[in-house]
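Protein chains in written order, with the working numbering: chain X, 7 to 417; chain E, 7 to 417.
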């Protein structure tokens with residue numbers, strides 16, 4: 007059986023490398039007599055590349071090649087990736103992708119086409135890079151009703167937060183460093199504004215709860231507004247700030263799903279996840295909390311997840327996996343404004359005595375926080391559990407000038 | 007398709023409970039029209055139990071029932087579990103087990119029989135309770151050459167060590183507390199002497215490296231000799247002591263495998279694993295380090311792993327998984343005495359000045375450790391990398407009285 011790769015960027019070239027390096031081991035695991043990379047689609051030229059002979063700029067060279075049974079899509083972006091993947095599935099080729107945007111926007115549709123054609127459409131690498139998470143959720147945790155899934159899903163933002171937390175760097179300086187090290191792109195918006203995390207939590211929520219969740223249904227807040235003061239208040243509270251994507255079973259067949267910075271307790275397995283590492287917590291009714299940790303990005307980790315899917319496709323040429331991922335339904339995702347949690351609040355430009363009095367009057371039993379060197383005209387506290395709707399009402403009448411408002415988790 | 011359970015103890019009754027509680031969800035995932043528990047084998051009586059009608063004391067009632075396609079073995083121990091499982095596989099029934107002793111001693115043989123009969127023999131729950139680990143290793147990490155696997159695999163000992171580390175309890179007091187809480191058995195030997203961890207690392211090593219590793223090939227040291235002084239020296243070094251089962255690719259087609267207490271760095275993902283939780287670190291050539299964390303024991307977590315395997319058997323009635331688990335080969339496991347690492351050494355009943363001189367003379371460039379309140383007649387230090395063979399030679403000629411010797415890891 008032959009393989010084609012569409013998109014020879016970081017991940018695509020990593021897939022070629024892993025297929026070559028562990029070739030014999032992979033063929034043996036695949037239970038196929040052979041498993042060879044025979045075509046690579048990319049519009050760019052790669053003179054001198056060891057795979058030079060395999061390149062084509064014409065998608066039809068892959069589509070019409072009947073010896074190619076598995077196509078790896080590592081182009082990224084929605085178009086033409088979607089069109090090419092759809093055509094491959096309709097032409098009887100299984101597809102493996104690392105493209106989270108594709109899966110978050112078109113997952114249900116492509117799984118359906120794969121099912122109709124008795125093929126596989128696999129996407130382990132689309133979330134958590136090389137961390138096994140898609141297959142454990144769909145298989146190992148199959149006996150559980152999953153109640154919640156939450157994770158640190160973006161390495162770039164986690165690197166920036168780690169520098170803010172452990173080295174007291176400002177957001178801007180940490181972002182610059184991440185760009186110098188190649189962890190952040192020149193236009194870092196998709197990472198720091200939370201969009202990348204949003205796509206990943208959509209994929210996880212769709213898998214865990216059974217109906218497609220689209221990115222535009224998920225409230226998404228990035229880390230650009232976080233200050234060092236927030237980081238210090240989190241430490242005073244006994245934890246750290248992380249950018250968390252999470253989805254929760256809400257009841258009545260509904261779920262919540264959002265991406266926001268959040269306070270995480272220091273003893274949580276998510277708190278110690280530093281630098282570009284990712285971790286994903288799954289809370290099941292039978293298993294309790296399970297955490298998966300590892301490199302969430304990078305050439306070889308992500309490539310290894312893609313190749314594991316390729317092996318799976320080779321072993322099961324005629325079979326579809328049943329991910330239990332159904333079509334979206336109306337009003338499935340509850341508004342983030344109706345989800346209850348405690349909130350951390352940093353009040354700025356205030357007379358502390360008056361601000362404490364107003365905070366206690368309007369928010370009820372608050373937990374005061376303080377740290378050495380806090381500005382004289384600021385206070386910080388944690389509210390009782392409430393919805394954001396309630397919070398906004400209380401904040402409006404309190405007269406307080408709120409500099410930061412960050413959700414507090416129970417993990 | 008019908009299911010039988012052999013052994014209605016903690017895990018077996020948990021399996022019945024999960025099968026009932028999440029019945030519809032499980033049947034749907036299994037892609038079978040029905041999936042019903044129809045028989046339970048146990049020699050004991052359970053008057054008033056909700057499954058009372060299903061009990062039998064006669065194994066033949068399961069063996070000869072052609073409607074039963076999947077048998078769950080949760081009896082524990084080697085006999086008669088082995089004999090029953092073998093008979094079931096030979097009679098055309100897939101088997102799911104949580105019995106680590108059975109898999110560690112008979113894994114290769116039973117997988118072979120399952121293969122010959124085109125059936126499944128699955129054992130996700132035998133390691134790490136409900137934590138997905140067997141399937142991720144055999145599938146998700148299939149594109150990797152695995153270089154090392156290491157884990158905190160026994161909740162009882164980890165609970166005891168947690169109490170010693172965080173509350174300064176002695177080993178004996180912590181063991182008593184564990185027994186009171188039901189975490190340790192009245193005869194705790196299998197846990198505290200490391201045998202339980204040994205069986206689990208045998209299963210993981212067999213899976214990761216491809217040839218069966220038997221418990222009697224694995225050097226196994228428990229935690230009964232650990233003192234609070236050792237715990238404090240570990241803190242002074244910058245880490246904690248954990249009971250670690252680990253296996254490493256050694257080269258020349260050989261591996262190392264052992265179970266010992268070990269110093270773990272504080273920033274390691276294994277260091278923060280407290281109480282009865284387990285965690286398993288897998289180091290692959292492409293993926294780097296991946297860690298799986300969760301409840302390593304307990305009724306429902308373990309039962310949920312068993313039921314996930316049951317679902318898998320129901321989905322794949324005619325298919326065996328290829329675990330790549332081959333027969334043992336001679337001299338496969340290198341002697342623990344030939345494996346290099348740094349060692350922590352606690353010298354007792356000594357004149358410190360003379361002891362430091364002797365330590366430096368014989369062990370070379372050592373790292374001195376000290377903590378507030380250490381006895382006046384003790385010293386503690388870390389040696390350079392060496393084999394235990396070398397260590398023993400140096401220790402013999404040094405004339406030092408060695409109270410503790412504990413391996414130091416690099417994770």
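Cβ coordinates follow ideal geometry from the N, Cα and C atoms, glycine included.
No experiment lies behind these values; they were computed from the predicted model shown.
Name the one or two DSSP bridge partners that residue 411/X has.
Note: residue 411/X sits in a beta bridge opposite 351/X.
Counting C-beta neighbours from all protein chains within 10 Å, is the total for residue 63/X 16 or more, i.e. buried, or is it exposed?
Result: exposed.
Grab me the residues of residue 289/E's own chain with a C-beta within less than 6 Å of its C-beta, minus the 5 sequence neighbours each way, in chain order.
Counting only Cβ-Cβ distances below 6 Å, and skipping sequence neighbours, we find 153, 154, 295.
Can you name the start and end residues of the alpha helix (DSSP H) that residue 397/E belongs to?
Residues 394-404.
Residue 288/X lies in the alpha helix (DSSP H); which residues open and close that run?
No alpha helix (DSSP H) holds residue 288/X; the beta strand (DSSP E) holding it covers 283-290.
Shortest alpha-carbon distance to residue 273/E belongs to which of 260/E, 300/E, 245/E, 250/E?
Answer by Cα proximity: 245/E.
For residue 260/E, which residues does DSSP report across the bridge?
According to DSSP, which records beta bridges pairwise, residue 260/E is partnered with 257/E.
Relative to the C-alpha of residue 143/X, which residue among 386/E, 148/E, 137/E is closest?
Taking only the C-alpha atoms, the option nearest residue 143/X is 137/E.
Is it true that the stretch 302-315 of chain E meets the stretch 215-226 of chain E, where meeting means three or more beta-carbon pairs spaced less than 8 Å apart?
Touching, no.
Below 9 Å on C-beta distance, what does residue 301/X contact in chain E?
Result: 293, 294, 295, 296.
Looking at C-beta atoms only, is the number of pairs between the stretch 374-391 of chain X and the stretch 348-357 of chain X that lie closer than 8 Å three or more?
Touching, per the Cβ criterion.
Closest to residue 8/E by C-alpha separation, out of 54/E, 100/E, 66/E, would be which residue?
Residue 100/E is the option with its Cα nearest to residue 8/E.
Counting only Cβ pairs nearer than 7 Å, list the residues of chain E close to residue 313/X.
What residue 313/X touches in chain E: 149.
Can you tell me the Cα-Cα spacing of residue 21/E and residue 392/X, whole angstroms?
Each residue's alpha carbon lies about 38 Å from the other.
Under the DSSP definition of a beta bridge, which residues are partnered with residue 300/X?
Residue 300/X is bridged to 284/X.
Of all the residues that make up the stretch 179-200 of chain X, which are near chain E by a beta-carbon distance shorter than 9 Å?
Cβ contacts with chain E: none found.
Against chain X, does residue 137/E count as a neighbour if the rule is that its beta carbon must be under 7 Å from one of theirs?
Chain X contact via Cβ: present.
Does the distance from the CB of residue 132/X to the CB of residue 209/X come in under 7 Å?
Yes, the Cβ-Cβ distance between residue 132/X and residue 209/X is below 7 Å.
Determine, using beta-carbon pairs with one atom in the stretch 101-109 of chain X and one in the stretch 258-277 of chain X, whether at least three such pairs fall under 8 Å.
The stretch 101-109 of chain X vs the stretch 258-277 of chain X: no contact.
What residue range does the alpha helix (DSSP H) around residue 30/X cover?
29-36 is the span of the alpha helix (DSSP H), which, as asked, contains residue 30/X.
At a Cβ threshold of 7 Å, is residue 257/X touching chain E?
No, its Cβ sits nowhere closer than 7 Å to a Cβ of chain E.
Assign residue 334/E to buried or exposed, taking buried as 16 or more other Cβ atoms, counted over all protein chains shown, within 10 Å of its Cβ.
So residue 334/E counts as exposed.
Return the bridge partner residues of residue 84/E from the DSSP annotation.
Residue 84/E pairs with nothing; no bridge assigned.
Across the stretch 160-173 of chain E and the stretch 191-205 of chain E, are there enough close Cβ pairs to call them in contact, namely three or more that are closer than 8 Å?
Touching, per the Cβ criterion.
Can you check whether the CB of residue 401/E is closer than 7 Å to the CB of residue 412/E?
The answer is no: Cβ separation not under 7 Å.
Relative to the alpha-carbon of residue 415/E, which residue among 360/E, 345/E, 404/E has its alpha-carbon at the smallest distance?
When only C-alpha atoms are compared, the closest one is 345/E.
I want to see whether chain E comes within less than 7 Å of residue 307/X, judged by CB atoms only; does it?
Interface residue, yes.
Among the candidates 243/X, 323/X, 187/X, whose CA atom is the shortest distance from the CA of residue 124/X?
Cα-wise, what sits closest to residue 124/X is 323/X.
Starting from the N-terminal side, write out each stretch of the alpha helix (DSSP H) that is 4 residues or longer and does not extend beyond the stretch 219-248 of chain X.
Correct list: 234-243.
Name, in chain order, the residues that DSSP records as bridge partners for residue 387/E.
Residue 387/E pairs with 351/E, 374/E.
Jot down the residue ranges of each uninterrupted beta strand (DSSP E) in the stretch 94-134 of chain E, minimum 3 residues, whole runs only, in chain order.
Here the runs fully enclosed are 100-103.
Could you check which residue in 24/X, 184/X, 51/X has the C-alpha nearest to that of residue 313/X?
Nearest option by C-alpha distance: 24/X.
Beta carbon of residue 363/X, beta carbon of residue 406/X: below 7 Å?
Not in contact: residue 363/X and residue 406/X (Cβ atoms no closer than 7 Å).
In this structure, how does DSSP classify residue 207/E when only helix, strand and coil are distinguished?
If DSSP states are grouped into helix, strand and coil, residue 207/E belongs with the helices.
With distances taken Cα to Cα, identify the nearest neighbour of residue 379/E among 238/E, 69/E, 10/E, 181/E.
When each option's Cα is compared against that of residue 379/E, the closest is 238/E.
In this structure, how does DSSP classify residue 141/X when only helix, strand and coil are distinguished?
Helix, per DSSP.
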